[in-house]
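Report on the structure given below.
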Amino acid sequence: MSAVHKSVIVGTAGHIDHGKSTLIQALTGTHPDRLEEEKRRGITIDLGFAFLEADGMSYGFVDVPGHERFVKNMLAGASGIDLVLLVIAADERIRPQTREHFDICRLLGVQRGVIALTKCDLVDADTRELARLETEEFLKGSFLAGAPIVEVSAKTGQGLAELQAALRDAAREAQAKDTAKYFRLPIDRSFAVKGFGSVVTGTLFSGQVGIGEEVELLPAGKLLRVRGLQSGGKSVERAEAGQRTAVNLAGIEHTAIQRGMVLSARGRLRPTRRVDVRLELLRGAPPLKHRQRVHFHVGTLETIGEIYLLGSRELAPGENALAQIRLRDEAVLVRGDRFIVRLFSPVVTIGGGAVLDPQSQRFTAKDTNRATFLEMLEKGTREEILRAMAERNILGITASEVIVRTGWVESELQAAIKALAERQGIRIVSHEPLAFLSEQRFSDIAKQLLARVERFHKENPLLPGITREELKAGLGRRVRPEAFGAALQLLTDQKKLALQGEFVKKAGAEITLAPEEVRAKEQIAQAFAKAGLAVPSVKEVLAQLKIETARAEKLLQILLREKVLVRVSADLIFHQAALDSLTGLLARYKKTKGERIGVPAFKELTGVTRKYAIPLLEHLDRQRLTRRAGDERVIL
Ligand SMILES: Nc1nc2c(ncn2[C@@H]2O[C@H](COP(=O)(O)OP(=O)(O)O)[C@@H](O)[C@H]2O)c(=O)[nH]1
Ligand SMILES: [Mg+2]
């Protein structure tokens, strides 16, 4: 046996009784039917599995039921296959599930396959030739056109070596699943193994997993530890994309896990109930109506979906359209995943397609360029998609959000973000977490900020600038703090704005007072200085000035900001010099009379009335010059 350098999943397809399961046994030595009922009735009901290592390949076979009643089980196995082994009995030729399984493989995007004409021992040469011709005709123009058609008999062993060689050639050409992407394993079985606990199995879609690692069970959102692993039927330390894998999980009952759930790398996938897709309707299907309900299959999940056609009321057979599908249950999927839709009655496959946006928003009438966006998701380069996402999210978008929606790995995403930022398509506004906005949106925010500051200066010539808080609040909730911070940073770097403590002002802006304002300001300061602790009311002081009240109030604000005056309570303002002398008085009192002072003694010491004494004492408390102790104060 040679060393394995490629793992591929081969799925059977074809009508019931055409010899799929028998052929898998002939190829691998394992009969894939597992269930008691399957053995008793001689038909495949659920998925069966078998393994083969040959020619440097590791094959994981997924054998599917051919009966029309069990197509839903077939679908759980068919998603994730790299090669299809299409089985057509030479004596019966193309039958309904030959067609349906073939359609499903095509819609799932299976690229390659091999056709086995089985039961060749039962027919003569003419019938074999007829079967071959019919098969070629059937496959014309499809992904299997030109694929090898191998005549076999599981009974006599005829053609088995040739079939294996054809599988090997197809496997060599098949695109390997990506082991560098995030770990993802849609679960097709969950059971308990005595002495081990819960085991789940599935086709490892992408990435890798190792014993001891933590994985997330979705949509449950439960973190679980991997206790053991098997791939290709053998115990391993690590399993990779492209392998049939069994995972022994710690900390959960097997009954809590069902087919349709997914094991994944922590935090990389998010369950969804709304997906935007490209939907194709099969030629033989009836027209599909807007808001029609269908069976929806993706990965190993089956649920119900309601189809919202984008911009039309009906989809004609053989046509495709952009659509949104709203799901009854949460699905775990990524961009590019293939899905299948089936009719309610009769339950037949009518179409399928690819997921474009797994985390879609509701369709709204205002959203006029949604189709363009979805087409971009479908065909665009990574940078084009990033730019389009940024343009649709005026709040900005984080790297982890992009990952959830695209499945891109962090390194390739970061490279694309950096490249796009350098070409000024987007603006990075935060590095931890990595978040960005479209350049257009960002420069709009910067422009808005600049305009707001300029308007503030015009409306408030006597104030040094607008506070950061007020500036930010003016932008509303449609600007995140990181975007505000980055825009402000840019404007100060560009020397358009300047920061002064809590204030943001235009660079170079200074308050310039008119001569009469300079005089008035002086008068205000003097009025308070002269009054000492027996301060006048603010109104009185302002009324005596020769300028109008609004301007006078601004001057008062300036004096307060310059700390010439101090606001002690809502309507009491003192000169700083008066407060300084009060501190002196208290210090002397402490030395001569002790550290405690009551309100009467305070009034006597300062010569002020109770109306002033209480606010002053409270001010001193706040300044930690005194501390309240019952009715008295302790001088600190
Ligand atoms: N004579 C003959 N019988 C076959 C061959 N392959 C399968 N069969 C028989 O056909 C029946 C159906 O086979 P099975 O593998 O269960 O078909 P499946 O439903 O496609 O999985 C069984 O009775 C098999 O023994 C073959 O190559 N020659
Ligand atoms: Mg079978």
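Letter by letter, the sequence shown follows residues 9 to 644 of this note's numbering. The beta carbon of each residue, even a glycine, is placed where N, CA and C say it ideally should be. Computed from a predicted model, the values in this text were never measured in an experiment.
- Fully contained in the segment 387-469 are the following beta strand (DSSP E) runs of length 3 or more, in chain order: 434-439, 442-446.
- In the DSSP assignment, residue 614 falls within the alpha helix (DSSP H) that extends over 607-614.
- Those residues that bring their Cβ nearer than 5 Å to a heavy atom of ligand 2 are 28, 29, 52.
- For residue 358, the closest of 468, 187, 315, 334 by C-alpha to C-alpha distance is 315.
- For residue 620, the uninterrupted alpha helix (DSSP H) run begins and ends at 618-630, by DSSP.
- Residue ranges of uninterrupted beta strand (DSSP E) with 3 or more members, entirely inside the segment 88-133 and ordered along the chain, are 91-97, 120-126.
- In the DSSP annotation of this structure, residue 599 is not part of any beta strand (DSSP E); the continuous alpha helix (DSSP H) holding it starts and ends at 584-601.
- Judged by their CB atoms, residue 127 and residue 74 are not nearer to each other than the 8 Å cut-off.
- Taking non-hydrogen atoms of ligand 1 into account, the C-beta of residue 26 is found less than 7 Å away from one of them.
- The Cβ-Cβ distance between residue 212 and residue 247 falls below 8 Å.
- A check of alpha carbon separations from residue 631 across 591, 597, 161, 617 identifies 591 as the nearest.
- DSSP places residue 524 in the uninterrupted alpha helix (DSSP H) bounded by 523-539.
- If you ignore the 5 residues before and after residue 522, its C-beta comes within less than 6 Å of no other C-beta in its own chain.
- Within the chosen limit of 7 Å, ligand 1 reaches the beta carbon of residue 162 through at least one heavy atom.
- For residue 199, the enclosing beta strand (DSSP E) starts and ends at 197-201.
- For residue 121, the CB stays at least 7 Å from every heavy atom of ligand 1.
- Non-local C-beta neighbours of residue 524 in its own chain, meaning closer than 8 Å and more than five positions away in sequence, comprise 554, 555, ordered along the chain.
- Its Cα nearest to that of residue 393, the residue 424 stands out among 417, 424, 542, 367.
- A Cβ-Cβ separation of about 6 Å places residue 222 in contact with residue 274 under the 8 Å criterion.
- Checking the 7 Å criterion, the Cβ of residue 18 is out of range of every heavy atom belonging to ligand 1.
- Residue 624 counts as buried, since no fewer than 16 other beta carbons sit within 10 angstroms of its beta carbon.
- When DSSP states are grouped into helix, strand and coil, residue 194 belongs to the strand group.
- In this structure the segment 440-458 lies against the segment 478-491, because at least three pairs of beta carbons, one per stretch, are closer than 8 Å.
- Three or more beta-carbon pairs drawn from the segment 569-585 and the segment 542-552 are found closer than 8 Å, and the two stretches are therefore classed as touching.
- In the structure shown, residue 518 falls within a coil segment according to DSSP collapsed to helix, strand and coil.
- Every beta strand (DSSP E) of 3 residues or more that sits fully in the segment 276-321 is shown, in chain order, as 280-289, 300-306, 309-317.
- Ligand 1 has no heavy atom closer than 7 Å to the beta-carbon of residue 63.
- In terms of Cβ geometry, residue 532 and residue 563 form a close pair [threshold 8 Å].
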